[in-house]
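Enquirer: Okay, handing you the structure first.
Structural data, given as structure tokens:
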């Protein structure tokens, strides 16, 4: 179907699209409500919520042949709930006192583990579910056929909304949940057993996710890619509706599902990926806390105390200089694969340092930093291939595309903070990804661009290694140096106390915006170096997992240290390289390693070493 | 000389008149205390002076210039310093660096990416810290300071822009009696020597009646009394709505 | 009945309390006097279990409680009223009371919402009001009422007079006296001498996390004014 202007749609097809939207909204609402509920009480953004949805789907598909569809749905949901309770009791419970970004990292590690578990248990093929017995027919609505099962779903969402409302507003458990959402420590001091409460909330949230997945099986196949797709959708719904607001999640699910449904109905199915993020961006700009959300209360509990930034000692400078020198000597000893790996490490060290620049001192927790990396990479490829620009110039000008992106996106992002900021950065990254993914004619679509090779004098591995080394060391040194300048201090001032910063005349937003663009520039530079080192570029360079890689590197190294991100990047890239070459289920291994590190070193590796030895 | 003049200030929130027709003035070198029960409109009044809340009616003039419509940032640049009820400092910086930030901002050097922040205006910062008795603790991180010392740091930060008006929201909240008196004595001294006008809100009546030159009393959004401390303390209406029998 | 000995506590690397020892006997009002940052709030938080002591013991009716979780300590009959009130502002007055509710307890006064509304008539007139829409004084009353719903045998009050208008402070004095006549043990943190003098049976002066003096309020007055 080609695109059809809205006014050419018949009244009946408008009605059908509207009903389609309602049916899709139900499943979306279930997932989002669970996510919102869990966040409200535990303050953990459960990145693995989409994975729970996926588990619900696979379990229901697996159980249906034995038990029949109508039994498989609730049983799959209960199994997911039990799994959620287990995860909460064994893992997340240990992380409630950890910094929120680390909690997020742990849940992302769960995503990796669950994905590989699903792959192991059910294989890589998409699984088709059964139809719902007794509801496999269609009814005639306005002259068109409409599936009975979708009508059931349309009623199911509001039913769950009503049940949740009753549970939260009319039972003692619900009152306790609402109290703990606001101040769990105080609730504990009044005799409320939080452990039990948290586990039950997490189990309910997981149940909703599993149920959301299970009821979807007559409508779409279970796939291994649905986890990240659902979690992005659920993030958008929760943020648009207002974090912690169940009715808000319902409203947002309706809004987004309807808009998507009409996009498909009008033949613009390609833009559905982008459209929900545009809706989110618009809502967040007009109502920064979502449709029915409120400004988040200040979080309680002692945050991690950051020490003043002392000028580096002579010894530290010598050590850093020595490291750079040692890296410069590597090509004398070894060539080939070591250089390729080190080139990768250097590129991602720069990426991680640029992310740390806004995340650590700036306090802007970006979940979409890969957008600027990817824009730099695509900038390099497009300048070279489409613009016919020499490679040297392409490398210099490619980061400007990232700057342009950071200028536009950053303007919106610095108006928000905390979780909302994180979600908006993710949204912009997803938009950028969608554009690259779908603009076949210009960006090569899902295949990307190939033939992005450096000029001949840089084509040897050694020559390109030296280029990367010089550029990355210089850029990292520059980023670090700026943090010691008044600009860098003003950035930290805005993070420490926006109230005080404003009261002494610091334009916090303007400085954050500038920092965002500055960091984007260097992420773009890293991306351009990456493109030329690989010779090709694909949308993966700016997908969600790449952004998460950056977060992992920064947090692994320790966000409160300057050098941490560099070590984090080295460790992560090396680990990924070793594991992915030797193990089939490498994602699960990486996830397990990250989980282990998070549990053992909640302040990051460098932070741990400093704590341990620098006293 | 009148530094701050408030005339017929009014503000309503959703039908509730939080502040109605309030007028008063503060002169250079004078400490004016604003007191009243919770919900009397003190905070609303305060926030209309520093640019956080826009009044429905009335005028706020600082040295003859209207402050209405200006942001907190612009108001600070004109020469209005402030301290917060709950101290707000940069916890990851040292005491000196906190003052240096204010000085860098005052001299419009915040956008420099080449200077070294810790080497900028260090001498000036130490001089300000000496004035509030915090010179010895200049190298300590703000996050580990005692509460009373944080209040002093805030004073030094407020003084960095050479203000002619100081707004202090419950400056002695959470302090022991001796500390309270020391802090207010310091504020009074700075005010008289530098000709700074000081407007403060306060719940501790000892502080108010010992240190204020003049007192204004708000109740139900209205100004119900104004005058020297002794006269206000004796005022029957003030005793009824706020001071009580005087035993507590 | 509430006995603290050798109490040491820290936030991260900052050591706050050093070998504190004091007691509150059944049915009396004991006051910890000290300036801000002296460690008074940390002491109460260590007793209720929000802060885990590094060392030392807390005995409640002869039973060691320093290793328990806050909710377990609360269920033994220790009530905690924090300094910053911490009302659940999204909940109504009645719902706030519901959070504090625990079964009746042997040897402790039994509280019901009706009885509490006699003690705090203001609250009775705003049962369905959200915590967010209450004044500071009303919130202070609610936070005490909420804790009493747990039918505690002892109650820890952290600076109940802070930030309140003098007329409300007078009401607070009457409330604490009433609780004492009901047989409750009260442990109070204060900086306000006028206020402490009107309720205290026993007083301790704390400075920099250490005990500086103990006795009746008049006996420790000098020491307190010197800190």
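Protein chains in written order, with the numbering used here: chain A, 3 to 617; chain B, -14 to 233; chain C, 1394 to 1620. Quick reminder that beta carbons are idealized off the backbone N, C-alpha and C, glycines included.
Helix, strand or coil for residue 160 of chain B, going by three-state DSSP, please let me know.
Expert: coil
Enquirer: Once the 5 residues before and after residue 40 of chain A are set aside, which same chain residues still bring their CB inside 7 Å of it?
Expert: 46, 48, 203, 204, 207
Enquirer: Return the CA-CA distance between residue 113 of chain B and residue 205 of chain B, expressed in angstroms with no decimal places.
Expert: If you draw a straight line from the Cα of residue 113 of chain B to the Cα of residue 205 of chain B, it is about 39 Å long.
Enquirer: Have a look at residue 499 of chain A and residue 126 of chain B and give me their C-alpha separation to the nearest angstrom.
Expert: 14 Å
Enquirer: Can you tell me which of A:148, A:532, A:128, A:144 puts its alpha carbon nearest to the alpha carbon of residue 137 of chain A?
Expert: A:148
Enquirer: Rounded C-beta distance between residue 1439 of chain C and residue 1402 of chain C? I'm assuming under 8 Å.
Expert: 5 Å
Enquirer: Report the residue from A:428, A:334, A:501, A:244 whose alpha carbon sits nearest the alpha carbon of residue 297 of chain A.
Expert: Taking each of A:428, A:334, A:501, A:244 in turn and checking the Cα distance to residue 297 of chain A, the smallest one comes out for A:244.
Enquirer: Buried or exposed: residue 388 of chain A, going by 16 or more other Cβ atoms within 10 Å of its Cβ?
Expert: exposed
Enquirer: What three-state label does DSSP hand residue 247 of chain B in the structure shown?
Expert: In this structure chain B extends from -14 to 233, so residue 247 of chain B is not present and cannot be described.
Enquirer: Residues in its own chain within less than 7 Å of residue 379 of chain A by CB, not counting five upstream and five downstream?
Expert: 529, 530, 532, 533, 539, 543
Enquirer: Counting C-beta neighbours from all protein chains within 10 Å, is the total for residue 371 of chain A 16 or more, i.e. buried, or is it exposed?
Expert: Burial call: buried.
Enquirer: Of all the CB atoms in chain B, is at least one closer than 8 Å to the CB of residue 489 of chain A?
Expert: yes
Enquirer: Closer than 7 Å between beta carbons: that is the criterion. Which residues of the region -5 to 22 of chain B meet it against chain A?
Expert: The region -5 to 22 of chain B vs chain A, Cβ under 7 Å: nothing.
Enquirer: Runs of 3 residues minimum, wholly inside the region 1539 to 1599 of chain C: which ones carry the beta strand (DSSP E) assignment?
Expert: The qualifying runs are 1547 to 1551, 1578 to 1583.
Enquirer: Looking at the secondary structure, which residues open and close the alpha helix (DSSP H) in which residue 266 of chain A lies?
Expert: 248 to 267
Enquirer: Cα separation between residue 60 of chain B and residue 52 of chain B?
Expert: 7 Å
Enquirer: Considering just the uninterrupted stretch of the alpha helix (DSSP H) at residue 19 of chain A, what are its terminal residues?
Expert: Counting along the chain, the unbroken alpha helix (DSSP H) around residue 19 of chain A starts and ends at 13 to 44.
Enquirer: Anything in chain B within Cβ reach of residue 1618 of chain C, meaning under 8 Å, just list it in chain order.
Expert: 162, 163
Enquirer: Could you list which residues in chain C have their beta carbon closer than 8 Å to that of residue 177 of chain A, in chain order?
Expert: 1484, 1488, 1491, 1492
Enquirer: So, is residue 569 of chain A buried or exposed, given that buried needs 16 or more other C-beta atoms within 10 angstroms?
Expert: Under a 10 Å Cβ-count criterion, residue 569 of chain A is classified as buried, with 16 or more other Cβ atoms of the shown protein chains found around its own Cβ.
Enquirer: Quick one: is residue 120 of chain A buried, meaning 16 or more other Cβ sit within 10 Å of its Cβ, or exposed?
Expert: Buried: at least 16 other Cβ atoms inside 10 Å.
Enquirer: Would a C-beta distance cut-off of 8 Å place residue 431 of chain A and residue 546 of chain A closer than the cut-off?
Expert: yes
Enquirer: By the 10 Å Cβ neighbour count, where 16 or more other Cβ atoms means buried, how is residue -7 of chain B classified, buried or exposed?
Expert: exposed
Enquirer: Enumerate, from N- to C-terminal direction, the unbroken alpha helix (DSSP H) stretches of 4 or more residues contained entirely within the region 441 to 502 of chain A.
Expert: 442 to 445, 463 to 485, 488 to 498
Enquirer: What residues of chain B sit near residue 1528 of chain C, judged by a beta carbon separation below 9 Å?
Expert: Per Cβ cutoff of 9 Å: 22, 23, 24.
Enquirer: Can you tell me where the alpha helix (DSSP H) holding residue 1519 of chain C begins and where it ends?
Expert: No alpha helix (DSSP H) contains residue 1519 of chain C, which DSSP labels as neither H nor E.
Enquirer: Run down chain A in chain order and give the residues with a C-beta less than 7 Å from the C-beta of residue 87 of chain B.
Expert: 506
Enquirer: From residue 1524 of chain C to residue 1586 of chain C, what distance separates their C-alpha atoms?
Expert: 30 Å
Enquirer: For the putative contact between residue 479 of chain A and residue 86 of chain B, defined by C-beta atoms under 8 Å, what is the C-beta separation to the nearest angstrom?
Expert: Contact flag wrong, Cβ pair sits at about 24 Å.
Enquirer: Mind checking which residues open and close the alpha helix (DSSP H) that includes residue 1615 of chain C?
Expert: 1610 to 1619
Enquirer: For residue 1544 of chain C, which residues in chain B fall below 8 Å Cβ to Cβ?
Expert: Under the 8 Å cutoff, chain B gives no residues; its nearest Cβ is about 29 Å from residue 1544 of chain C.
Enquirer: Mapping DSSP to helix, strand and coil, what is residue 1476 of chain C?
Expert: coil
Enquirer: Evaluate the contact criterion for the region 1567 to 1587 of chain C versus the region 215 to 230 of chain B: three or more CB pairs, one atom per stretch, below 8 Å.
Expert: no
Enquirer: Output, in chain order, the set of chain B residues within a Cβ distance shorter than 8 Å of residue 494 of chain A.
Expert: Neighbours of residue 494 of chain A in chain B, taken as residues at a C-beta separation under 8 Å, are given in chain order as 75, 77, 78.
Enquirer: Just checking: is the beta-carbon of residue 1495 of chain C within a distance shorter than 8 Å of some beta-carbon in chain A?
Expert: yes
Enquirer: For residue 201 of chain B versus residue 150 of chain B, is the C-beta distance shorter than 8 Å?
Expert: no
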